[in-house]
Amino acid sequence: MSKWIPLWLHKLGSPPTFYRFARTVRPWAMGLALLFGVIGLYGGLVLAPPDYQQGDAYRIIFIHVPSAWMSMFVYAMMGVSGFVALVWRIKLAEVVAMESAPIGAAFTFITLVTGSLWGKPMWGTWWTWDARLTSELVLLFLYLGVIGLYHAFEDRRQGARAASFLAIIGIINVPIVHYSVDWWNTLHQGTTVNLFGHSKMPWEMLWPLLAMTLATKFYYAASLCRRAGTDILALEGGKDWVREIAQAEAGR
Amino acid sequence: MSAPLPQACAAMLRRDLTLAWRRRGDLAMPVLYAVIVAVLFPFALGPDLALLQRIAGGVVLVTVLLAMLLALDGMFASDIEDGSLEQLVLAPQPLALMLGMKILAHWITTALPLLVIAPLLAGMLHLPLPAMPALLLALLLATPLLSLLGAVLVALTAGTRRSGMLLALMLLPLCVPVVIFAAGAVAAAQEGLPWFAPVAWLSAALVLAVVLSPLACAAALRIALDA
Amino acid sequence: MIALSHFLAMGGYAAYVWPAYAVFFAVLVTDNVAPRLRRRRILRELRERLARQSARARRPPSKP
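Each protein sequence line maps, in turn, to chains A, B and C.
Residues in the first sequence are numbered consecutively from 1, following my numbering.
Residues in the second sequence are numbered consecutively from 253, following my numbering.
Residues in the third sequence are numbered consecutively from 480, following my numbering.
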């Protein structure tokens with residue numbers, strides 16, 4: 001047993017095995033994402049009662065908060081696999097780190113836009129220089145920097161390693177930005193916005209939120225499988241097993 | 253046979269300063285840029301004294317930062333072109349220390365002239381005199397910090413086609429805290445509040461960066477040049 | 480019918496809630512379609528390369 005798991009992980013590290021694994025996992029992950037998404041959206045948009053303060057506007061929470069969590073979760077995943085890629089030079093870790101970046105950037109973008117759409121009716125402004133919002137914006141710039149650096153290199157594996165290094169620097173940077181903007185806000189004493197006025201959420205609002213959180217997690221797994229599989233095909237273009245796939249899909 | 257460390261460091265510094273001196277026209281570029289930007293602000297906002305006084309510290313800080321960004325791109329450029337950076341990577345002396353010397357030389361040649369004209373720019377924007385020491389001290393701490401942070405990013409892009417835009421995108425998240433604390437010190441001094449805390453934070457960050465940044469820079473360069 | 484229009488009105492916040500959901504789905508659909516297109520392009524280019532190689536292999540080496 002103790003030997004079996006490392007062996008399986010080792011095998012998974014080989015591109016053809018991972019490709020097949022990703023192809024098998026993806027439909028399941030996508031199915032679960034859709035299932036939890038439908039349940040969560042039905043619960044959030046239809047079943048949950050309107051908020052006593054915010055009316056129906058609070059329903060943006062069911063996509064805003066899961067996206068915000070995902071924007072940080074995906075960054076952590078990117079940092080960890082980037083670290084693995086730098087230390088052990090595993091090709092698959094490079095692929096996972098670099099293919100996570102666009103998904104994370106997408107979730108960060110969603111968070112910023114939905115937060116701004118939520119902020120307009122609630123605080124009367126699209127944007128405020130609060131620590132949370134500024135950190136999220138900085139996170140988007142970090143994602144864009146990582147993607148940009150990755151594509152600036154001619155050699156893709158070298159680009160992946162350089163961008164992984166940048167991602168790790170970013171992990172240190174985000175808490176510093178959060179802290180310094182907090183300090184800055186107390187200095188300027190601007191409009192202090194209480195983002196989450198009531199922390200105790202009734203159960204009928206909480207369970208759709210949890211369902212949506214699960215949905216976004218599964219969505220990330222599915223999207224990562226698709227992206228990583230595609231990227232492996234591009235990296236391994238000269239190998240026989242990729243040629244077979246190319247010929248098999250010629251008719252389609 | 254390798255030279256002892258202090259001599260190697262001195263030779264590195266002397267070489268970079270000599271090279272910079274031979275192209276002193278390039279050195280004037282960031283200074284000229286900062287002057288132009290600072291001069292344009294009053295024209296754009298009007299010569300209202302109170303308004304200019306309020307924004308002077310921030311404008312000078314951002315101007316100096318942008319001028320440094322302009323020069324950052326060229327930190328290792330000529331060394332990559334003539335291959336001396338690869339020689340440096342292979343040299344027996346510790347790479348981090350040598351890169352630290354290069355960063356120091358770069359700071360002396362680009363940031364020091366900016367520091368000299370910063371009081372002039374601040375004076376043109378009517379920064380109140382009591383805030384001037386805070387501004388100078390903040391700049392004195394913030395500019396080496398930016399050089400050190402920028403050097404890591406420049407090293408990361410060493411193997412790529414030159415792209416200043418990418419460098420700016422990568423530097424923005426890193427320089428947000430630096431700008432906040434530097435501008436915070438100036439703002440606090442202007443309002444007559446104690447401005448020791450932000451300066452202390454900047455100094456702490458600078459000490460950390462002096463130790464860590466050359467090491468990170470060396471690691472980044474090894475990644476970017478490893479073919 | 481009234482229930483549906485009541486639902487779509489979102490208590491007067493329809494102008495904020497629905498665009499937020501539209502952005503959410505638009506971005507995720509884009510994130511899904513982009514790798515599909517990339518995969519198709521990669522495989523097509525690979526097939527073209529293979530076709531060129533086999534054509535070159537079949538042709539006898541000719542003198543320039």
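We put the beta carbon where it would ideally sit given N, CA and C, even for glycine.
- Listed along chain A, no residue sits closer than 8 angstroms to ARG531/C by beta-carbon distance, the nearest being about 13 angstroms off.
- Per the C-alpha coordinates, the member of VAL291/B, VAL459/B, ALA434/B, ALA461/B positioned closest to PHE448/B is ALA434/B.
- Counting the other CB atoms within 10 Å of its CB gives SER14/A a total below 16, which places it among the exposed residues.
- Note that the stretch 137 to 144 of chain A does not touch the stretch 392 to 403 of chain B; fewer than 3 beta-carbon pairs, one per stretch, sit closer than 8 angstroms.
- Among the residues facing chain B, TRP88/A is not included, as its CB has no counterpart in that chain under 8 angstroms away.
- From the listed residues HIS358/B, LEU392/B, ALA255/B, THR412/B, the smallest Cα separation to ALA323/B is found for HIS358/B.
- The Cβ-Cβ distance between ALA22/A and THR409/B does not fall below 8 angstroms.
- Assignment of ASP51/A by DSSP, reduced to helix, strand and coil, places it in the strand class.
- If you draw a straight line from the Cα of ALA420/B to the Cα of MET320/B, it comes to about 11 angstroms.
- Within the stretch 405 to 430 of chain B, the residues whose Cβ lies closer than 7 angstroms to any Cβ of chain A are, in chain order, LEU408, THR409, GLY411, THR412, ARG413, SER415, LEU418, LEU421, MET422, LEU424, PRO425, LEU426, VAL428, PRO429.
- Residue burial is scored here from C-beta neighbours: GLN259/B has fewer than 16 other C-beta atoms within 10 angstroms and is therefore classed as exposed.
- Chain order gives no chain B residues near TRP127/A, where near means a beta carbon separation below 9 angstroms; the closest approach is about 16 angstroms.
- For a Cβ distance threshold of 9 angstroms, nothing in chain A lies close to MET480/C: the least Cβ distance comes to about 16 angstroms.
- For TYR150/A, the enclosing alpha helix (DSSP H) stretches over residues 131 to 152.
- Taking 8 angstroms as the CB threshold, LEU483/C stays off the interface with chain A.
- The beta carbon of GLN54/A is closer than 7 angstroms to those of MET122 in its chain, skipping five residues each way along the sequence.
- Against PHE433/B, the close residues of chain A are SER180, TRP183, TRP184, in the order they occur along the chain (beta-carbon pairs closer than 9 angstroms).
- Cβ contact annotation for VAL181/A (same chain, cutoff 8 angstroms, sequence separation greater than five): TRP129, ASP130, ALA131, THR134, SER135, in chain order.
- Taken in chain order, the complete alpha helix (DSSP H) segments of 4 or more residues contained in the stretch 330 to 415 of chain B are 336 to 342, 347 to 358, 364 to 376, 384 to 408.
- In this structure, VAL38/A is the residue among LEU12/A, ALA93/A, ALA85/A, VAL38/A with its C-alpha nearest to the C-alpha of TRP207/A.
- Neighbours of SER223/A across chain C, judged by C-beta separation under 7 angstroms: ASP510, ASN511.
- The Cβ neighbour count for LEU525/C, taken over all protein chains shown within 10 Å, is at least 16; the residue is labelled buried.
- Residue ILE232/A holds the alpha-carbon nearest to the alpha-carbon of ILE90/A among ASP51/A, SER67/A, ILE245/A, ILE232/A.
- Listed along chain A, the residues sitting closer than 8 angstroms to ILE475/B by beta-carbon distance are LEU86, GLN158, ARG161, ALA162, PHE165.
- Residue-level contact by beta carbon fails for ARG20/A and chain C, as no gap is shorter than 8 angstroms.
- Taking a Cβ-Cβ cut-off of 9 angstroms, the neighbours of ASP478/B in chain A comprise GLN158, ARG161, given in sequence order.
- Residue burial is scored here from C-beta neighbours: HIS64/A has at least 16 other C-beta atoms within 10 angstroms and is therefore classed as buried.
- Contact annotation, TYR219/A with ALA33/A: C-beta distance approximately 4 angstroms; criterion of less than 8 angstroms satisfied.
- For TYR492/C, the three-state secondary structure derived from DSSP is coil.
- In this structure GLY335/B is exposed. Its beta-carbon is surrounded by fewer than 16 other beta-carbon atoms within 10 angstroms.
- Against chain B, the beta carbon of ALA152/A has neighbours under 7 angstroms at THR409, THR412, ARG413, SER415, LEU418, listed in chain order.
- Within the same chain, LEU303, LEU304, ILE307 come within 8 angstroms of LEU297/B by CB-CB distance, once the 5 residues on both sides are set aside.
- Taking each of SER455/B, GLU443/B, LEU418/B, GLU338/B in turn and checking the Cα distance to VAL430/B, the smallest one comes out for SER455/B.
- Assignment of ASP478/B by DSSP, reduced to helix, strand and coil, places it in the coil class.
- Distance check between GLY119/A and each of MET480/C, ALA534/C, MET489/C, TYR495/C places TYR495/C closest, using alpha-carbon atoms only.
- When the beta-carbon positions are compared, LEU393/B and LEU458/B come within less than 8 angstroms of each other.
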